[in-house]
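Chemist: First, the structure itself, so that you have it in front of you.
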Amino acid sequence: MAIKPMRVGVVGSGIISSIYLENMTRRFQILEVGGVCSAHFENAKRRADEFGIPAMTFEEMLADPDIGMIVNLTPAPAHEDIIRRALEAGKHVYTEKVMTTSHESARALADLAAQKGLWLGSAPDTFLGAALQTARRAIDDGVIGEVTSFAFAANRDNSFLTSFFRFLNMPFGGVAYDYAVYYLTALCALLGPVAKVAAAVRAPFPSHADIDPKSQTFGRMIDTPNESEVSAVLTLASGVSGTAHVNADSVIDDMHFFAIYGTKGILYLPDPNGFGGEVRLQPNWAYDEAPAPARVLDWPFGYSDNSRGVGPAEMAWSVREGRPARANADMACHVLEVIDAIIESGRTDAFVRVNSTFERPRPLPIPAEGEESSIGR
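The numbering used here puts the last residue of the sequence shown at 384; the count rises by one with no breaks.
What follows is the structure, encoded as structure tokens:
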């Protein structure tokens, strides 16, 4: 029996909406985009015309009985109000990261969704992509033995990015909330919840020169107050610990390192800000006659390209089948609490406990021959 598509309303018409709409209108048959709205109607109209869908107000979207899910693509400070209003209107909600500006407010929304029998989920959804699902299978199958530690590091250049992406200068646009969230979500999806953190957090450059020639403030100094450097030790509920380092005061090209260490080998993962890339296994050859070379793991999971929108699609399948979504509110609330704890630890110079927990999302099965993915299972 054919599954009825979920009709979706998209809130926000900024840069990220383009790839979401591209995928949700042309790739995921479980989704049917019913309209786009924005704080500025003319922006929504331009984006809607690009994809041949209606532009509408948020009030019209909430009043439309055929729209069952809201996909919220606005900046983080706007999330709480939009999500609450959508839930109160009886809509399922999938939101861009982070869910809200505090784990307490995020938890309150998750509780509201549960009370109303609605699904609430949040980006990042990159852990549903080919690379991190390959890593998840390798870990679950014992390919690297018992996991003993992990480490990730990443960089970017705020002196460039903050001129062209002004949301990075808004509250909760710092490197922990906007960038480290990808690594932390991947870590939690692979290894489970975090129990405590200790961190050093810096914002050494409170302003940068505006280098965007199209900006009204071109050539002037603009405020860039958010955290730009984070170094942390994270202890998981399992007892495994590892390190996290993200530096946005470095070079423009994102140069990532992400490794999970085990008794039988090491997994080297690609950038979790994307969906694909090589997952390399370095086996432990200590008891072999000759060193075992690193090799690329190549299971045929779907979604190795830019697949933003797979989170809403998987959530729509979960609604139709009455099962928990993988990019769900519990994990998103937990990751947000971890980030809040990192910021708090940086302020207090002390370990901070993370009190929430969640069940690791079920891994995706390998797609059957001829299938792109298995998000509907």
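We put the beta carbon where it would ideally sit given N, CA and C, even for glycine.
Between R354 and I90, what straight-line distance do the alpha-carbon atoms span, to the nearest angstrom?
Modeler: Counting from 1 along the sequence shown, the entry for residue 354 is found at position 347. Counting from 1 along the sequence shown, the entry for residue 90 is found at position 83. The straight-line gap from Cα to Cα measures roughly 29 Å.
Chemist: Kindly indicate which residue of R330, R384, G21 has the alpha-carbon position closest to the one of F172.
Modeler: Looking up residue 172 in the sequence shown gives position 165. For F172, the nearest C-alpha among the options comes from G21.
Chemist: Between the stretch 340-357 and the stretch 95-113, are three or more C-beta pairs nearer than 8 Å?
Modeler: Three or more Cβ pairs drawn from the stretch 340-357 and the stretch 95-113 lie within less than 8 Å of each other, which places the two stretches in contact.
Chemist: Quick check on DSSP: helix, strand or coil for R369?
Modeler: For this step, residue 369 is matched to residue 362 along the sequence shown. Coil, per DSSP.
Chemist: Give the range of the beta strand (DSSP E) segment to which V78 is assigned.
Modeler: Within the sequence shown, the letter at position 71 stands for residue 78. First-last of the beta strand (DSSP E) with V78: 76-79.
Chemist: Which term fits W126, buried or exposed, when burial requires 16 or more other beta carbons within 10 angstroms of its beta carbon?
Modeler: If you number the sequence shown from 1, residue 126 lands on position 119. Under this definition W126 is a buried residue.
Chemist: Need the endpoints of the beta strand (DSSP E) that K104 sits in, please.
Modeler: Numbered from its first residue, the sequence shown carries residue 104 at position 97. Unbroken run through K104: none, as it is neither H nor E.
Chemist: Counting only runs that start and end within the stretch 124-149, where is the beta strand (DSSP E) found for 3 or more residues in a row?
Modeler: 127-129
Chemist: Would you kindly work out how many angstroms separate the C-alpha atoms of E66 and F167, rounded to a whole number?
Modeler: Reading the sequence shown from its first residue, position 59 is the one you call residue 66. Reading the sequence shown from its first residue, position 160 is the one you call residue 167. For E66 and F167, the distance between alpha carbons rounds to 37 Å.
Chemist: Buried or exposed for P213, going by 16 or more other Cβ atoms inside 10 Å?
Modeler: Locating residue 213 in the sequence shown gives position 206, where the first residue counts as 1. Around the CB of P213, fewer than 16 other CB atoms lie within 10 Å, so the residue is classed as exposed.
Chemist: By a C-beta neighbour count over all protein chains shown, 10 Å radius and 16 as the cutoff for buried, is N362 buried or exposed?
Modeler: The sequence position of residue 362 within the sequence shown is 355, counting from 1. Flag for N362 reads exposed.
Chemist: I think M31 touches G246, with their Cβ atoms under 8 Å apart; what is that distance to the nearest whole Å?
Modeler: Numbered from its first residue, the sequence shown carries residue 31 at position 24. Numbered from its first residue, the sequence shown carries residue 246 at position 239. Contact flag wrong, Cβ pair sits at about 40 Å.
Chemist: If I74 and V15 are in contact, beta carbons under 8 Å, what's the gap, nearest whole angstrom?
Modeler: Taking the sequence shown and counting its residues from 1, one reaches residue 74 at position 67. Taking the sequence shown and counting its residues from 1, one reaches residue 15 at position 8. Going by Cβ atoms, the distance from I74 to V15 rounds to 7 Å, so yes, they are a contact pair.
Chemist: Just checking, does the stretch 139-155 make contact with the stretch 216-227 on the three C-beta pairs under 8 Å criterion?
Modeler: no
Chemist: Name the DSSP beta bridge partners of P290, please?
Modeler: The residue labelled residue 290 in the question sits at position 283 within the sequence shown. DSSP output for P290 lists G272 as bridge partner(s).
Chemist: In chain order, what residues of the same chain lie with their CB nearer than 6 Å to the CB of K52, ignoring the 5 residues before and after it?
Modeler: For the purposes of this step, residue 52 is identified with residue 45 of the sequence shown, where counting begins at 1. Taken in chain order, the residues that qualify are A62.
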